[in-house]
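>
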Amino acid sequence: MSFAGAVKNFGAVRAVDGVDLEIGRGETVALLGRNGAGKSTTISLLLGLNAPDAGTVELFGGAPESAVRSGLVGAMLQKSRAVPRVTVGELVAFVARRYPKPMPVAQALELAGIGELAGRRVDRLSGGQTQRVRFAVALAGNPSLIVLDEPTAALDVEARHAFWQSMRAFARRGHTVLFSTHYLEEADAHADRIVVIDRGRIVADGTGEQLKPAAGGSLVSFDLAGRATEGLAQLPGVRSLEVRGDRALLRTDDSDATVRALADLDAIHGLEVTPASLDDAFLALTAPELEPELETV
Amino acid sequence: MLDYLRLEVRRTLRDVGFVIGGIAMPVMMYLLFTNLGGDDSGYKATAMVGMAAYGAVGSALNTGGGVAEDRAIGWLRQLRVTPMTPRQVVLGRALTGSVTVLPAIVAVLAAGGLVNGVRLDAWQWAAIALLLWLGSIPFTLLGLGNGYGLTSQTTGVANMACTMGLAVLGGLWFPISLFPGWLRAISHYTPTNRFAELGTSVADGHAPALGAIAVLTAWLLAFGSYAVLAYRRTGRTV
Numbered sequence: 009m010s011f012a013g014a015v016k017n018f019g020a021v022r023a024v025d026g027v028d029l030e031i032g033r034g035e036t037v038a039l040l041g042r043n044g045a046g047k048s049t050t051i052s053l054l055l056g057l058n059a060p061d062a063g064t065v066e067l068f069g070g071a072p073e074s075a076v077r078s079g080l081v082g083a084m085l086q087k088s089r090a091v092p093r094v095t096v097g098e099l100v101a102f103v104a105r106r107y108p109k110p111m112p113v114a115q116a117l118e119l120a121g122i123g124e125l126a127g128r129r130v131d132r133l134s135g136g137q138t139q140r141v142r143f144a145v146a147l148a149g150n151p152s153l154i155v156l157d158e159p160t161a162a163l164d165v166e167a168r169h170a171f172w173q174s175m176r177a178f179a180r181r182g183h184t185v186l187f188s189t190h191y192l193e194e195a196d197a198h199a200d201r202i203v204v205i206d207r208g209r210i211v212a213d214g215t216g217e218q219l220k221p222a223a224g225g226s227l228v229s230f231d232l233a234g235r236a237t238e239g240l241a242q243l244p245g246v247r248s249l250e251v252r253g254d255r256a257l258l259r260t261d262d263s264d265a266t267v268r269a270l271a272d273l274d275a276i277h278g279l280e281v282t283p284a285s286l287d288d289a290f291l292a293l294t295a296p297e298l299e300p301e302l303e304t305v
Numbered sequence: 094m095l096d097y098l099r100l101e102v103r104r105t106l107r108d109v110g111f112v113i114g115g116i117a118m119p120v121m122m123y124l125l126f127t128n129l130g131g132d133d134s135g136y137k138a139t140a141m142v143g144m145a146a147y148g149a150v151g152s153a154l155n156t157g158g159g160v161a162e163d164r165a166i167g168w169l170r171q172l173r174v175t176p177m178t179p180r181q182v183v184l185g186r187a188l189t190g191s192v193t194v195l196p197a198i199v200a201v202l203a204a205g206g207l208v209n210g211v212r213l214d215a216w217q218w219a220a221i222a223l224l225l226w227l228g229s230i231p232f233t234l235l236g237l238g239n240g241y242g243l244t245s246q247t248t249g250v251a252n253m254a255c256t257m258g259l260a261v262l263g264g265l266w267f268p269i270s271l272f273p274g275w276l277r278a279i280s281h282y283t284p285t286n287r288f289a290e291l292g293t294s295v296a297d298g299h300a301p302a303l304g305a306i307a308v309l310t311a312w313l314l315a316f317g318s319y320a321v322l323a324y325r326r327t328g329r330t331v
């Protein structure tokens, strides 16, 4: 699938602002962003639910609609609720039969972890079970690409864990998976590749390890022990300084040089050097107004 | 698409509100209205057709309620990401409407024949059922228009208002001979009045008047256009 300069406006709001993206077969990709970053709109363009105002979106080398018509795509959409007055088995079987090469219904239910719920009415299930029914609906047709829009929103920890196990089992069968989330741990743990989207633009694209440097190397922290903080921000490698109580936190691109300089100042008390977390990377990437080098822009 | 029809018919019949409001109510009202007054066998046949028509109108409009509900819960959007085409979905819905009107028609006719002792020739029973079935199509389209054009809650209210209003105005509940002259004149142009006329004329032993068919056809076109416009406005982007 590919996006080239895709733009989508809703009224005055530019929900997707020039997205370029390619995803190959068999990849498991996370679309990571805050609420309102443009994840769902990107997905609706990909599925042909909306047409881009500018640019192009292609799925399996053609229009998204024709890929969907050919049964190459399954999706779990956000904000969809339980279908009333139908059993889990009836619903999944109905969707499966729309596709040219579906998987057996029992297998779809098994993969989604709801094998024992086949005879139950969908509108009488718990939130977590309903979510799994929606997952079963997405994979029932055995599509090459499965798109999951915030699949674990509103799930508790246990249900979330079970869900990701199901998703991985499906991905292992060679299917392409694209899921959106605003939980970076999920993106890091379950995707081969993370695409970070913010304000309708892609701001980073790579593995979790590749994204971490965006946070600005590592964090050096130490007890000030009454020392003044002047000059600390000018030490080698340091990008920013933060003081929490009696502790100084230096974000640095070169922790070795920073620590050496601190040693020269005889400032080493309770020193800690920690690598940037993915959390830091995410915050750094999606909050450009806090980025020192962009302040002058 | 037959699959979709089967799924939707099943969902409709599991709707307790539909079974009570769309099937049991017309039967009970029919038995009540015809057995409280005198023992006029002519009225029993006319009222039977009127109540069967009322039940059919309610059931046909109910299809729109289903559409509005499915839009609200995102099921129609989910169908758009399956290989089903929008045309199949809309046609499936229209067919669902035309199947789910049958229980009400059959139930009221059965109540007339079995409980109230209405006697008609076999061909008359068959013709009445068939005409009421075909004549319900405009109302299914009105329901679809409401379902695609309005929100889930307003669809419920609009359907109820349409059913009640058209039923009373068209003389499905009370004979229009009780109406003042001006109201009777209006009633002749309502779809419900002409819809029931299809059946009552057969019960009287003759074919429906051309006027009835002309008025119903006009309403068919009007409601059909309404459904198409409502669908164009929202249905394609549910």
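One line per chain: the protein sequences are A and B, in this order.
Using the numbering used here, you'd call the opening residue of the first sequence number 9 and step up by one each time.
Using the numbering used here, you'd call the opening residue of the second sequence number 94 and step up by one each time.
Every residue gets a Cβ at the ideal spot worked out from N, C-alpha and C, and that includes glycine.
Check whether the Cβ atoms of valine 211/A and threonine 260/A sit closer than 7 Å, and answer yes or no.
Their beta carbons are not under 7 Å apart, which means valine 211/A does not touch threonine 260/A by this criterion.
> Any beta carbon of chain B sitting closer than 7 Å to that of valine 91/A?
Taking Cβ atoms only, chain B reaches closer than 7 Å to valine 91/A, which makes this a yes.
> Methionine 84/A and proline 159/A look like a contact to me (Cβ under 8 Å); what is the Cβ gap, rounded to whole Å?
Indeed, because the Cβ distance is near 6 Å, the residues count as touching under 8 Å.
> With burial defined as no fewer than 16 other Cβ atoms inside 10 Å of the residue's Cβ, what is the status of valine 251/A: buried or exposed?
So valine 251/A counts as exposed.
> Check for me: the beta strand (DSSP E) holding alanine 62/A runs from which residue to which?
62 to 66 is the span of the beta strand (DSSP E), which, as asked, contains alanine 62/A.
> Just mark arginine 287/B as buried or exposed, buried being the case when its beta carbon has 16 or more other beta carbons within 10 Å.
The residue in question, arginine 287/B, is buried, as its Cβ has 16 or more Cβ neighbours within 10 Å.
> State buried or exposed for glycine 69/A, treating a residue as buried only when at least 16 other CB atoms are found within 10 Å of its CB.
Exposed, by the Cβ-count rule.
> By how many angstroms is the C-alpha of alanine 315/B removed from the C-alpha of glycine 129/B?
The identity of residue 129/B in the sequence shown is leucine, whereas the question assumes glycine. Spanning the two alpha carbons is a distance of roughly 38 Å.
> Taking the DSSP output, what are the residues bridged to threonine 139/B?
Note: threonine 139/B sits in no beta bridge, so no partner.
> Comparing the C-beta of methionine 144/B with each C-beta of chain A, is any distance below 7 Å?
Not an interface residue.
> Would you check if the region 176 to 194 of chain A and the region 147 to 155 of chain A touch, i.e. whether three or more CB-CB distances between them fall below 8 Å?
The answer is yes - the region 176 to 194 of chain A touches the region 147 to 155 of chain A, with three or more Cβ pairs under 8 Å.
> Which of helix, strand or coil does DSSP assign to isoleucine 166/B?
Looking at isoleucine 166/B - three-state DSSP - the assignment turns out to be coil, as it is neither helix nor strand.
> Could you tell me which chain B residues have their CB closer than 9 Å to the CB of arginine 3/A, listed as they occur along the chain?
The requested residue 3/A does not occur in the structure, where chain A is confined to residues 9 to 305.
> What distance in whole Å lies between the Cβ atoms of glycine 135/A and alanine 161/A, which are believed to be in contact at a cut-off of 8 Å?
With 8 Å as the limit, alanine 161/A and glycine 135/A do not qualify as a contact, their Cβ atoms being about 10 Å apart.
> Whole alpha helix (DSSP H) runs in the region 202 to 283 of chain B with 4 or more residues, listed along the chain?
Whole alpha helix (DSSP H) segments, 4+ residues: 215 to 228, 230 to 242, 245 to 262, 274 to 280.
> With burial defined as no fewer than 16 other Cβ atoms inside 10 Å of the residue's Cβ, what is the status of leucine 54/A: buried or exposed?
Its Cβ being crowded by 16 or more others within 10 Å, leucine 54/A is buried.
> As a quick exercise: from Val100/A, Val96/A, Leu119/A, Ala116/A, pick the residue whose alpha carbon is nearest that of valine 130/A.
Valine 130/A has its Cα closest to that of Val96/A, out of Val100/A, Val96/A, Leu119/A, Ala116/A.
> Check whether the Cβ of threonine 304/A lies closer than 7 Å to any Cβ atom in chain B.
With a pLDDT of 36 at threonine 304/A, under the threshold of 50, the modelled position of that residue is not reliable, and the figure given next carries that caveat. Chain B, which has no Cβ nearer than 7 Å to the Cβ of threonine 304/A, makes this no.
> Just grab the DSSP bridge partners of alanine 212/A for me.
In DSSP, alanine 212/A forms a bridge with Val204/A.
> Out of curiosity, what's the CA-to-CA distance linking tyrosine 97/B and leucine 117/A?
Each residue's alpha carbon lies about 20 Å from the other.
> Could you tell me if valine 27/A is buried or exposed, where buried requires 16 or more neighbouring beta carbons within 10 angstroms of its beta carbon?
Burial call: buried.
> Report the residue from Asp133/B, Pro231/B, Tyr123/B whose alpha carbon sits nearest the alpha carbon of proline 310/B.
Looking at the sequence shown, residue 310/B is not proline but threonine. Of Asp133/B, Pro231/B, Tyr123/B, the residue nearest in Cα terms is Pro231/B.
> Between which two residues does the alpha helix (DSSP H) holding glutamate 166/A run?
Element bounds for glutamate 166/A: 165 to 180.
> Which residue from Thr156/B, Val194/B, Leu207/B puts its Cα closest to that of glycine 228/B?
Answer by Cα proximity: Val194/B.
> Residue range of the beta strand (DSSP E) that glutamate 30/A falls in?
Unbroken beta strand (DSSP E) run through glutamate 30/A: 21 to 30.
> I'd like the span of the beta strand (DSSP E) that includes arginine 255/A, first residue to last.
Taken as a continuous stretch (DSSP letters only), the beta strand (DSSP E) holding arginine 255/A covers 255 to 260.
> Give me, in chain order, the residues of the same chain whose beta-carbon lies closer than 7 Å to that of leucine 259/B; leave out the 5 immediate sequence neighbours on both sides.
Counting only Cβ-Cβ distances below 7 Å, and skipping sequence neighbours, we find Val150, Thr283, Pro284, Thr285.
> Using a Cβ-Cβ cutoff of less than 7 Å, which residues in the same chain neighbour leucine 298/A once the five nearest sequence positions on both sides are dropped?
In this prediction, leucine 298/A scores a pLDDT of 42, lower than 50, which makes its location untrustworthy; the coordinate-derived value is nonetheless stated afterwards. So the list is empty, once near-sequence residues are dropped.
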